[in-house]
Structure formats: structure tokens, C-alpha cells
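So this is what it looks like as C-alpha cells:
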């Protein structure tokens, strides 16, 4: 029976090549989106599944709310919590703290490279299954200043993995001894880093003022991440009770806020959600997965509607076939299965073409920019193949269910008569309703793509609040900034030079510390950078109150500049009121507020500005900002490079331009490419559906067209008669989609303090663009029918 169904399906595909092409091509494009989402979904579910004791591993979370402030849900905890639980927790087999405060430029093996890592303990390698190539997992991080490198980092620095005992120097001058090398883990993890450093190093770094004091700070809830391994058969209620007792003690000490601790299973961390404010989960979040799946389903439904539309439109040509089969004794369910099988065959053929499209996308990665939309680690696997087959089967069933039900009805002529007047809404028939849906969806995507592109183009050119033109950035980690500045200033074409500890590249890359004014229970997290005195005027930062940094550093009475947002967050009524006030960092460090800067976009332009402080400290700078004249970039770069090479002949320097870096951070090229791909698919699918319906209409009305032409109708009149109904469908699509698209655009733009004005003219332009494509599709076929010779058709009839 299946062979018969297959033969009939292939025969009908061969007989109706154009209709088959429209169905297969449309489904293939739509299914390629679904396969992309399937790849991302599989990747999101793969995190931390390789840990043998994963079911017993929990992450401790924190909830904290100050009086008259929002409730903060944090995936992190204060650093002292781990030691306290280790002493009092009866249900805990092991516990580890992960403190993500290690990173920056590192020098080893004659190379200076970026190193991303965390502070932790040897228990990390006992709890989690990260294999060590070299080193004893029980003691590898017991000593201060010990460090474990992953395999890739060891090879990057030293060229091989046999590096135990070798030294690595960070940009703050601290030396670390390599005590272990970690092999590639068996899968992805949200805890994969370049380096793992002994947590015992932190007290020494804090004592040397190389780190902000967090080790004993019970109210730094955003400091580190705490993981516990429960004992076999231990109850979570016991651990929850211990955490509740600790929270009660904290709430008794701190009357200004309320703290609570929670527990989260390791396997529920990734995919993450939007619940935690500082989640360290990696991969997709559930909200993104649901959004992507919804988009894929909508696009797939549009293609399925094409199949439904065209199959129903061709029902009249197959009514005789159905009648003869029923007269021959075929049951309704047999005919139903035959047509359902045909749609499944079409879906599987489309799957083959969709797989080719996916292979090209994985190979050339057009949607990967800054992050991997399609994971580079993806390999064809059994689970994906099974999911793809199930996806194709479901697609075939969705596409073929309605045509199969209609065509298998007992009285085909009666059903076909009813079909022609079947209504979904208003006075629009079933087929036309599907066309309206497809074009409405296409227009909504085009509107959103237009808004997205215009918004980020606007952000790329918007004023960030500081000078960005003709500004070169040079990493100077570990170098004497005074010597470098003096050397660079000698270069012809250099106007000024200043030292800074970060980069304005679209994301905050400085440090954060909790500060308070007079009441140490009212703490405010403050982002900060180090900047020398010349940085403020060189970058055109505007002082709205107070003064610049003093001419000389004063460690005892250190000056700090705040932005306007920080002043408001700290409770000052005005910038002038903040001048001269003290900020407490810890019991021994105070910062004197010397000035207030006008807010500027130190993160991505268009994002809300967060509280920021600028401090000044010699040898705390990692970058040199060089203001140049209007000389060509390669020329001035060559001059500066020659002067720096003369000062440091063995040092390799790199150069970035601030305007190019900001433009790249705001370009969103990959996202725009992806939205363009989705928009193109929806337009193609909608146009293919419209094309198929127009072709069918022309075929059905070919005799009428011939008679009208014989009695004197002109080509223009015939085109108008054939096209009017379809043009009305396009106009109706615009009336439905334009308000919805405008609402979606406004919701998107509300996320940006700086945003474009999406006017009615821009909205209308999007509609006219899609309308012109639809109009071309209609007229290309109706004109062809209008100019055809009527004699041939009438003679045949």
C-alpha cells in the first residue's frame, strides 16, 4: 500500500512540476529556519550534562531587597557564605566558591595575551568533572598564587601542555605558578574558563589593594557563585534550613534590607531565564528559545498554508480521481492517508533541500558576529537527525491534514462546491485568507527589520557624550604609562595622549565596588575606571560641578569623579551637593567626590547609563588614548608604532580606533543579516503562494478570458479583471499588518533612551515595498494570460 501511495505521489509531483516546485521550495526555506532553531535548542540543552554527580549539585542563589527599593534576584552570593556552610551544613559533601574577579592581560612564554578566569578552590575539580591532564585535582589550588590553565590557554602561552611549574604574570604585576592543566571537558559548561586561580590568593590581593575587599563582606551579594554537592540521599530541606538561619542572622545585623537564599539544580542553570539579575548561565535563555520557536512556527505555517492553498485549489482536477477510487471500493481513510502521505513525501523532499541550506549556513556562519548564532561546535548527530525527521513528518501532517480531509469526503462534487464558499472571516474565502495571513506576516517582519536597522544605524552615528573621532587606543598593560605618553607625544600628528583602564567598546569592562556615604547599611554598587588627569579634557567629558582630579595623587585622600546617574543613585539632591562628600569603599578607604561629570554612554550607545566613578592611580592603566590630527590612519599608526618600538623593541603593540570599535559594537550586522534572511523567506513564501493561486485562477478562467477577448476586451481590461481581487488582498494585508507592525516597532524602540522617530511615511514605505513585489507577481501572470491567443483555447474546448 505504501508503495502505491509513493508511486501516486511521485507521479503527481512529476505531472505538476511548477506547483511541486512552489511547495517544495517554500517548505525548504521555511524548514531551514526550523532546523536552525533545532540546532540552537539542542546546544542550549547540552550544558553541564557530563558531570557524573550533576543531580546532587546545587547553586545557591540570593534575594535581597533594600527598603523602598526593588527586589534583586541574584544567582550569586556573598563570598563568606561558602566557609560558613562548610562549618554548619550537615547535608553537604563538598562546597566550592567561584569568584569571577580574575582576568586581563597576562604575560608568559614571551607572549602577552588576554586571560579570562575565576578564583576557586581545589574542591572545584572534585565536584565537577573537569579532567586534569597535569596536576592533582585534590590539591591543585591549595596554595595561594597557584593557577590551572585549560589546554587551549596553555598552548596559546607556552606552545604545549607540559607547563606545570612555569610562571605567569598578570598585568597588575602578580606572579602565578601553574600547578595544573585542564583537558577539554566532555561537553559544554557554564563554568568553562581559560584559568582557575587559587581562592587563597584573594586575601593577599585585597591586602595589597589590588582588589576591592570582598572576602569578608556579607553584603556583597553579587560577588561570587557558590555550589554545593549534597551527600547521597541527603534532603534539600536540611540545606534550606541552614541557609534560612544564616539569612536570619544577616537580617538581624542589617535593618535596612532583607536577604534570603535559595537553591537551584545544576541542570536547570542552562538554559537560563530572565529571573536572575546576574545569572552566569551560558547559551540561550528559555525566553529566547520560545521566541525563536514561535518565529520558526509562524514561517513554517506560512509555507504549510501554501501547500494547503494550492492543493485545495487543484481539488477540482483530482475530483474524478477520488470519485473513481471510491467507486472502486476505496474507503475514506485510505484516500485520506494517500493525500496525507503525499504531503509527507513533499515535506521529506523539502527536508533534503533544507539540509543543504543549513550546511551552507553552518559552513559560512553568516549570522555569527560577536556571538555564535549557529554553534561552531555543531556536528550531525543521532538526536538532531531524529528531530529533523520528526520535524519533517509533523510538517507534512500539518500541511496535508486539511486537503486530505476535504478530498477524502464522500461526495467530492458537493465538498468542492462548499469549499468555494468556505469562510474564515468576513467575505474572504479560505485560500484568500491564507494569502492575507502570509503577506501580513511578511509586512510585519519587514517593518521590524526596517526599524531594527534604522535604530542601530542611528546609534552608530549618535553622540555618545565623548570624543570618538581620530582617537587611537593602544594597550599598554605592564608598561610605564608616563614613558609611553611622553614618547607618543613626540610623534608628528599627535595632539594629546591620556591613560585609561578600559575600553569604550560597547560593554563595561572596568570594575565594580560597593560604596556608601554615611550609613554603611545603604550601599550602592558603582562601576569604575581609572583615568589620568588628561583623560577628561582630551575626551571632551563635561564637568557639571566641582573640579578635575588634583595635579598629584593622594592615596590618603583619593579623589573621585562621579557621573550624574551615580549622584542620583547615592541620594544627593544635586551635583553641587555631592561635591566634597566622602564615599566609603571599606573601613580604611575613603574617596573624596571632587567633581561630577555629565552622563555619557560608556557602555553601548542607547542603553540606560549606569552609575560610574572615575578614579586616578598610577600604574593602574591598561590603555593609552591618543588624539591625532586629521592624518590618514595608517600613516599616523606607522609613526606611533616606530616610536614605541624604539622605546620597547621587544614589545608587540596593537592599535584600535575608537570610532571603528563603537561602530562595530552598534552595527548588529549578524542580527540584521538574520532578520533579512527571515524577511526574505517570508516574502518568498508569500509570493510563491500568491503566484500559485494566480496561476490556478488564470487556468480556471482561461476560457472566460478567451471569450472576453474575442468579444473585444483589451489586454488592460483583462489584466484589471484578473488582478483586482488579488490587489484587494494585498491592501487588506497592509491594513492588518501596518498597525501591528507599528505597535511592535514602538515596543522595541522603548528599550532605547536614544531612539529614532518611526513615522507614518517610513511605515508606508515598507508597505509599498511589499506591495510592489506582490503586484509584480500578479501582473506577470495576468498579463501573460491577457496577451495569449484565444483561438487555441476555444478550439481545444
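Residue numbers (UniProt numbering): 1 to 797.
Idealized CB from N, CA, C, for every residue including glycine.
Note that this is a predicted model, so its numbers are computed, not measured.
Using a Cβ distance threshold of 8 Å, residue 307 and residue 399 count as a contacting pair. For residue 76 against residue 224, the beta-carbon gap comes to about 6 Å, under 8 Å, which counts as contact.
Going by DSSP, residue 333 is part of the alpha helix (DSSP H) stretching over 332-364. In this model, residue 714 and residue 345 are separated by some 43 Å (Cα to Cα). In the three-state reduction of the DSSP assignment, residue 490 falls in the coil class, being assigned neither a helical nor a strand state. Contact between the region 87-96 and the region 137-157 is absent, with fewer than three C-beta pairs closer than 8 Å.
Minimum Cα-Cα distance from residue 486 among the listed residues 624, 603, 602 and 604 corresponds to 624. With a 10 Å radius around the Cβ and a threshold of 16 neighbouring Cβ atoms, residue 700 comes out exposed.
The DSSP assignment places 535-538 as complete runs of the alpha helix (DSSP H) inside the region 519-564, in order along the chain (cut-off: 4 residues). In the DSSP assignment, residue 584 forms a beta bridge with 516 and 590.
Collapsing the DSSP output to three states places residue 664 in a helix. Annotation: residue 13 to residue 350 spans about 13 Å, alpha carbon to alpha carbon.
Straight across, the Cα-Cα distance linking residue 406 with residue 311 is about 10 Å. For the pair residue 614 and residue 547, the Cα-to-Cα distance works out to about 13 Å. Beta-carbon to beta-carbon, residue 148 and residue 169 are separated by about 16 Å, too far to satisfy the 8 Å threshold. Under the 8 Å Cβ criterion, the region 27-43 counts as touching the region 678-692, having at least three qualifying pairs.
A residue is called buried when at least 16 other Cβ atoms come within 10 angstroms of its Cβ; residue 327 does not meet this threshold and is exposed. Taking residue 56 as reference, the option from 267, 640 and 440 with the minimal CA-CA separation is 267. Each residue's CA atom was taken as its position, placing residue 488 and residue 494 some 7 Å apart.
Judged by beta-carbon spacing, residue 622 lies within the 8 Å limit of residue 475, meaning their Cβ atoms are closer than that value.
Annotation for residue 575: 544, 545, 564, 567 and 596 place their beta carbon closer than 7 Å to its own, counting only its chain and skipping 5 residues before and after. DSSP places residue 258 inside the beta strand (DSSP E), whose first and last residues are 257-265. By DSSP's assignment, residue 211 forms no beta bridge with any residue. Straight across, the Cα-Cα distance linking residue 758 with residue 726 is about 29 Å. With a beta-carbon spacing of about 7 Å, residue 452 and residue 672 fall inside the 8 Å limit used to define contacts. Annotated as distal: residue 208 and residue 143, with beta-carbon spacing of 8 Å or more.
The C-alpha of residue 67 is placed about 50 Å away from the C-alpha of residue 111. Between residue 121 and residue 145, the alpha-carbon positions lie close to 12 Å from each other. In the three-state scheme derived from DSSP, where H, G and I count as helix and E and B as strand, residue 754 is classed as coil. When DSSP states are grouped into helix, strand and coil, residue 73 belongs to the strand group.
By a beta-carbon distance limit of 8 Å, residue 691 contacts residue 777. Their separation comes to about 5 Å.
Boundaries of the alpha helix (DSSP H) around residue 391: 382-407. The beta carbon of residue 755 lies closer than 8 Å to those of 455, 458, 606 and 749 in the same chain, with the five residues before and after it left out. In its chain, beyond the 5 residues on either side, 205 have a beta carbon closer than 6 Å to the beta carbon of residue 211. In this structure, the CA atom of residue 650 is about 36 Å from the CA atom of residue 560. Taking 3 residues as the shortest admissible run, the region 459-512 contains the following complete beta strand (DSSP E) segments, listed from N- to C-terminal end: 471-475 and 494-500.
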